[in-house]
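Read left to right, the sequence shown gives residues -19 to -1, 1 to 183 (mature numbering (1 follows the signal peptide of the UniProt record, and there is no 0)).
Heads up: the structure comes next, in structure tokens.
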Amino acid sequence: MKWLRFSLLVLGAFSLCCATSGDSSSGVKKMKMQFATGPLLKFQICVKSVGNCLDRAEKRVFEEYTQALYQRYPDIRIEGENYLPVPLYRHFASFLSVFKLLVIGLIIIGRDPFALIGMQAPGLWEWGQGNKIYACMMVFFLSNMIENQLMSTGAFEITLNDVPVWSKIESGHLPSMQQLVQILDNEMKMNVHMNTGTHLHS
């Protein structure tokens, strides 16, 4: 019984750590210069795990690009946010996050849910009752793995003034810093020419 209580304490602490880490990185913080008046560059990045935890590699790329772009374009405004999967996947992931806790609770208290619907408990449930610690950990990690897959989008989408300039979903890879700078230079020059032409016609 002591081991069961200890395992539940460890499992609870681990869940709390995952939740708080998700809250602390609940997306890429909206990084913007307070007095910047230039164009708005927005990054929408892949959500890699439940709780809005971002993939560390892509978050690091976002931070490196942000610092470099601020140096090159002092007036630019840069924002970052999570690129969420389709609602169906999000809802199913939320369902799994609740369902796993229900299953773990039933394993701990030893209540047979199959008896409530007049079915005989399968061998896997019987094994879980004899190995509660391992069964709880297996349910927890297996559910988390499925939730992560549902919430992962593989996105690294970039827009300039709401105009798409790069899509990892379409290209299959991240842009290099040189590619991104070239794209931004071309887009900004085009915007300048368009604005100049508009003023001349007016």
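Beta carbons are placed, not taken as given, at the ideal position from N, Cα and C, and that holds for glycine.
- The C-beta of residue 126 has fewer than 16 other C-beta atoms within 10 Å across all chains shown, which makes the residue exposed.
- Under DSSP, residue 145 shares a beta bridge with 140.
- Residue 43 is not a Cβ neighbour of residue 85, given a cutoff of 8 Å.
- Where residue 125 is concerned, the enclosing alpha helix (DSSP H) starts and stops at 113 to 132.
- Here residue 164 carries a helix assignment [DSSP, helix/strand/coil].
- It is roughly 22 Å from the alpha-carbon of residue 140 to the alpha-carbon of residue 132.
- Residue 150 and residue 90 have their C-alpha atoms some 45 Å from each other.
- Contact check between the stretch 56 to 70 and the stretch 18 to 27: three or more CB pairs, one atom from each, fall below 8 Å, which counts as touching.
- Cα atoms of residue 97 and residue 130: separation of roughly 32 Å, rounded to the nearest angstrom.
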